[in-house]
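*Asks:* Take this structure first; my questions come after.
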Amino acid sequence: MNDRYDAGAAGYGADQYELVGYDEYGQPVYRQVQTQQQTYDPYTQQHQQGYGYDPYAQQGQQQGQQSPPAYDYGTGGQPAPDYGSYDPYGTATHQGGAGQGASHDPYGQTAAGTTGRQPRVAEQTAHIPQQAGPDHDREAPAEPQRDYHTEQFAFVEEPDANSEDVIDWLKFTENRTERREEARRRARGRIVALVVVLALVAAGGVGYLWYAGKLPGLSSEDSKAGTATAAGAQKRDVIVVHLHDTKGGGTSTALLVDNTTTERGTTVLVPNSLALTSDDGTTTTLAKSVEDDGSDGTRDALDTVLGTDIEGTWRLDTPYLQNLVDLVGNIDVDTDAEVPDPAAKKKGEAPLVNKGRDQTLSGKMAVAYATYRAPGEAQNAQLERFGQVMQGILRKMSSDPQAATTTIQTLAQILDPSLTDKDLGTFLAGLSDLAKGGDVKTDLLPVQNDGTLSAQASARVVKNVLGGTAKSPDKDAAVSVSVQNATGVRDNTEKARVVLLNGGFTFLEGGTGTARTTSQVVYTDAADKANAAEVAKTLGLSAGSVTKGKTSGSADVSVVLGQDYRPSSG
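Per my numbering: the sequence shown = residues 139 to 708.
Structure below.
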């Protein structure tokens, strides 16, 4: 059944109806409104009074008009209960008592006017809202439909506070993750950089040790390559200097080394006890070789023992040393002892050389200090003083080869044929230049009690400084002599050692015994009788002190020094 409220306009009569609500089945409920017969225009709503729905109408509606009973077309046209005027917003005003209702104003305003007519609103179309179906739970008042335009709607998304929190949390989580990744990347970068730096430092350290010949696997005598090859490839100029003490006797030896590859110089002090092999194949000492074999023989013996190539020999007698120091203008030395004046006539007079730092020494003072050996001192102490004097001379010598050559020529000394004035002057000028820059050092060649070289000496001095290979004479080639000191004087052991080494014997320490008046020289084998007699002669003992008996240890001859022993100057 589709009876619409516009049926009256189609010929059902002059009565018009207005929508008052919906019944329980969702059908619209109307009531009759007495108005004048007008032509219904569903699109313009012209000439309509009290029937059409005009949501914007505010005038022309009669107040207090009695509404006719409504009919329910969904139930066969039976009168429907009067629900009153429908006001969906609860703002409609009722006047005149029961049964009277005002026209519906969705904005809560009552219609104005008394004629019962509504003003014409252009382009307004009446529309009966439809209900999707009945609601059995409760009856909701029906809301009339309005003609909405598109521009009247604004779909606004309600802001959600939680959504902002979620966005902030996601941003925080993302930023924290990125920061962690960035921290990991930086940490990996630092680790890689640290590893690279450590690798470079390790490589540099190994390279330096290899260059200096200090690698554990390459610094022993068992290694045939490596450091020895690197050291041997360096260019060195070496000369040997023998200082002859013309008044006190004895000699002091040093090797002057100019390493042109590393641009460093070294003064190697060689003890007199160094065992050498003489021209006839017998074992001797450096001191005895200088006296007996001369310059050429000693130079060849040193080359054999040290594996070096000495270019020349410089014999420097003490008078020439004094003149040389005076020519260069005195020298400065850190002295380690007071040296008495040899010309002093009384005891207690002022020493010639004072002990202390930066002592200025003239030629006379330099000779006294270079040859001084205190009572009971080993020969190495005097040798080191000679090295200090040579270091001071190199610092004061001219770095100009021509000027240095002139200084040597002024000395008017007779040089070894293997070394000319020009060669010596040029060599000393080069070392002087290094000494002024602090690139010349002094090294003592460590010699053992038996005159041989230790493995340490071979690695540190012979191989690294001299670029050679140590080769000591066979111990069996010399007669070994064990010495026990029973004189009551402690220094006599050292003095006997020097004398025996200079005599070509191998010295063995026998300790200290109970003091006795006479000395004794003992041999076991008859073949050693002549050797025992030679030992007694070397030590200054009488031939009657030689006797056959039992020697100590592995020595060929044993000596017990008594109070009758008178040590020589050595």
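Even glycine gets a Cβ: it sits at the ideal position worked out from N, Cα and C.
As the structure is a computational prediction, the values presented were derived from the model and not from experiment.
1) Using the Cα positions of THR415 and THR631, report the straight-line distance between them to the nearest angstrom.
2) Alpha carbon to alpha carbon, how far is VAL660 from GLY687? Give it in angstroms, no decimals.
3) Looking only at its own chain, which residues have a Cβ that is under 6 Å from the Cβ of LEU521, when we skip the five neighbours before and after it?
4) Mapping the DSSP letters down to three states, classify ASP417 as helix, strand or coil.
5) Do ALA671 and VAL684 have their C-beta atoms within less than 8 Å of each other?
6) Within its chain, find whatever has a CB closer than 8 Å to the CB of ASP571; leave out the 5 residues flanking it on each side and keep chain order.
7) Leaving out five residues on either side along the sequence, give the residues of the same chain with a beta carbon under 8 Å from the beta carbon of GLY467.
8) Alpha carbon to alpha carbon, how far is ARG704 from ASN669?
9) Between which residues of its own chain and THR422 is the CB-CB distance below 6 Å, once the five residues before and five after are set aside?
10) Just reading off the beta strand (DSSP E) that ALA392 is part of, what are its end residues?
11) Rounding to the nearest angstrom, what Cα-Cα distance links ARG258 and GLN165 in this structure?
12) Buried or exposed for GLY234, going by 16 or more other Cβ atoms inside 10 Å?
13) Should GLY589 and LEU639 be called a contact, given that it needs their Cβ atoms to be closer than 8 Å?
14) Run through the stretch 432-501 for me and flag every whole beta strand (DSSP E) of 3 or more residues, listed as ranges in chain order.
15) Are there 16 or more other CB atoms within 10 angstroms of the CB of ARG689, so buried, or fewer, so exposed?
16) Cα separation between GLN517 and ASN492?
17) For GLN526, count neighbouring C-beta atoms within 10 Å of its own C-beta (all shown protein chains included) and say buried if the count is 16 or more, exposed if not.
18) Let me check understanding here. Comparing Cα to Cα, which of VAL627, LEU553 and ASP472 lies closest to GLY494?
19) According to DSSP, which residues form a beta bridge with TYR510?
20) Buried or exposed for GLY342, please, with buried defined as at least 16 other CB atoms from any protein chain shown within 10 angstroms of its CB.
21) Rounded to whole angstroms, what's the CA-CA distance from VAL379 to GLY682? Just pull it up for me.
22) To the nearest whole angstrom, what separates the beta carbons of LEU499 and ILE469, a pair I think is in contact under 8 Å?
23) Alpha carbon to alpha carbon, what distance is there between ASP559 and THR550?
24) Which full runs of the alpha helix (DSSP H) of 4+ residues lie inside the stretch 638-692, going along the chain?
25) If we call anything under 8 Å between Cβ atoms a contact, is PRO409 one with LEU569?
26) In chain order, what residues of the same chain have a beta carbon less than 8 Å from the beta carbon of ASN623, not counting five sequence neighbours either side?
27) Taking a contact to mean a Cβ-Cβ separation below 8 Å, would you say ALA616 touches THR644 in this structure?
28) Taking 8 Å as the threshold (C-beta atoms), are VAL636 and LEU677 in contact?
29) Rounded to whole angstroms, what's the CA-CA distance from GLN196 to GLU162? Just pull it up for me.
30) Whole angstroms is fine: what's the gap from VAL695's alpha carbon to SER706's?
*Replies:* Reading from the atomic positions:
1) For this step, residue 415 is matched to residue 277 along the sequence shown. For this step, residue 631 is matched to residue 493 along the sequence shown. If you take the alpha carbons of THR415 and THR631, they lie about 25 Å apart.
2) Position 549 of the sequence shown holds residue 687. Position 522 of the sequence shown holds residue 660. Approximately 6 Å, taken between the alpha carbons.
3) Start at 1 with the first residue of the sequence shown, and residue 521 comes out as number 383. Excluding residues within five positions, the ones whose Cβ falls inside 6 Å are SER390 and LEU407.
4) Working through the sequence shown from its first residue, we reach residue 417 at position 279. Coil, per DSSP.
5) For the purposes of this step, residue 671 is taken as residue 533 along the sequence shown, with counting starting at 1. For the purposes of this step, residue 684 is taken as residue 546 along the sequence shown, with counting starting at 1. In this structure, VAL684 lies closer than 8 Å to ALA671 by Cβ.
6) Numbered from 1 along the sequence shown, position 433 holds the residue referred to as residue 571. Within the same chain, ASP571 has close Cβ partners SER537.
7) As a first step, residue 467 is located in the sequence shown; it is residue number 329 there, counting from the start. Excluding residues within five positions, the ones whose Cβ falls inside 8 Å are LYS534.
8) The sequence position of residue 704 within the sequence shown is 566, counting from 1. The sequence position of residue 669 within the sequence shown is 531, counting from 1. Spanning the two alpha carbons is a distance of roughly 20 Å.
9) For the purposes of this step, residue 422 is taken as residue 284 along the sequence shown, with counting starting at 1. LEU414, SER416 and GLY642.
10) Translated into the one-based positions of the sequence shown, residue 392 becomes position 254. Per DSSP, ALA392 belongs to the beta strand (DSSP E) from 389-397.
11) Taking the sequence shown and counting its residues from 1, the one referred to as residue 258 is at position 120. Taking the sequence shown and counting its residues from 1, the one referred to as residue 165 is at position 27. Low local confidence applies: a pLDDT of 46 at ARG258 is under 50, so the model's placement there is unreliable, and no value is given.
12) As a first step, residue 234 is located in the sequence shown; it is residue number 96 there, counting from the start. Residue placement at GLY234 cannot be trusted, given a pLDDT of 40 that sits under 50; the coordinates are not used to answer.
13) The residue given as residue 589 occupies position 451 in the sequence shown. The residue given as residue 639 occupies position 501 in the sequence shown. A contact, by the Cβ cut-off of 8 Å.
14) 450-455, 469-473 and 494-499
15) On the sequence shown, position 551 is the one that residue 689 refers to. Looking at the sequence itself, residue 689 is Thr, so the reference to Arg does not match. Buried, by the Cβ-count rule.
16) Here residue 517 refers to the residue found at position 379 of the sequence shown. Here residue 492 refers to the residue found at position 354 of the sequence shown. Using only the alpha carbons, I get a separation of about 21 Å.
17) By one-based count along the sequence shown, residue 526 stands at place 388. Answer is buried; the Cβ neighbour count reaches 16.
18) On the sequence shown, position 356 is the one that residue 494 refers to. Of the candidates VAL627, LEU553 and ASP472, the one whose C-alpha sits nearest the C-alpha of GLY494 is ASP472.
19) In the sequence shown, counting from the first residue as 1, residue 510 sits at position 372. Partner(s): none; TYR510 has no beta bridge.
20) Counted from its first residue, the sequence shown places residue 342 at position 204. Label assigned to GLY342: exposed.
21) The residue given as residue 379 occupies position 241 in the sequence shown. The residue given as residue 682 occupies position 544 in the sequence shown. So the alpha carbons of these two residues sit roughly 41 Å apart.
22) Counting from one through the sequence shown, the residue named residue 499 turns up at place 361. Counting from one through the sequence shown, the residue named residue 469 turns up at place 331. Right, the Cβ-Cβ distance comes to about 5 Å (below 8 Å), so this counts as a contact.
23) Taking the first residue of the sequence shown as position 1, residue 550 is located at position 412. Taking the first residue of the sequence shown as position 1, residue 559 is located at position 421. Reading off the sequence, residue 550 comes out as Ala, not Thr. If you take the alpha carbons of ALA550 and ASP559, they lie about 10 Å apart.
24) 667-677
25) Taking the first residue of the sequence shown as 1, we reach residue 409 at position 271. Taking the first residue of the sequence shown as 1, we reach residue 569 at position 431. Against a cut-off of 8 Å, the Cβ pair of LEU569 and PRO409 comes out as no contact.
26) What you label residue 623 is simply residue 485 of the sequence shown in a count that begins at 1. These residues qualify, in order along the chain: ASN630, THR631, ALA634, GLY648, GLY649, THR650, GLY651 and LEU699.
27) For the purposes of this step, residue 616 is taken as the residue at position 478 of the sequence shown. For the purposes of this step, residue 644 is taken as the residue at position 506 of the sequence shown. Yes, these two residues count as a Cβ contact at 8 Å.
28) Counting from one through the sequence shown, the residue named residue 677 turns up at place 539. Counting from one through the sequence shown, the residue named residue 636 turns up at place 498. Contact flag unset, no.
29) On the sequence shown, residue 196 is found 58 positions in, with the first residue counted as 1. On the sequence shown, residue 162 is found 24 positions in, with the first residue counted as 1. Here the model assigns GLN196 a pLDDT of 42, short of 50, so the residue's position is not dependable, and the following value carries that caveat. Straight-line Cα distance between these residues: approximately 31 Å.
30) For the purposes of this step, residue 695 is identified with residue 557 of the sequence shown, where counting begins at 1. For the purposes of this step, residue 706 is identified with residue 568 of the sequence shown, where counting begins at 1. In a straight line, the C-alpha of VAL695 is about 20 Å away from that of SER706.
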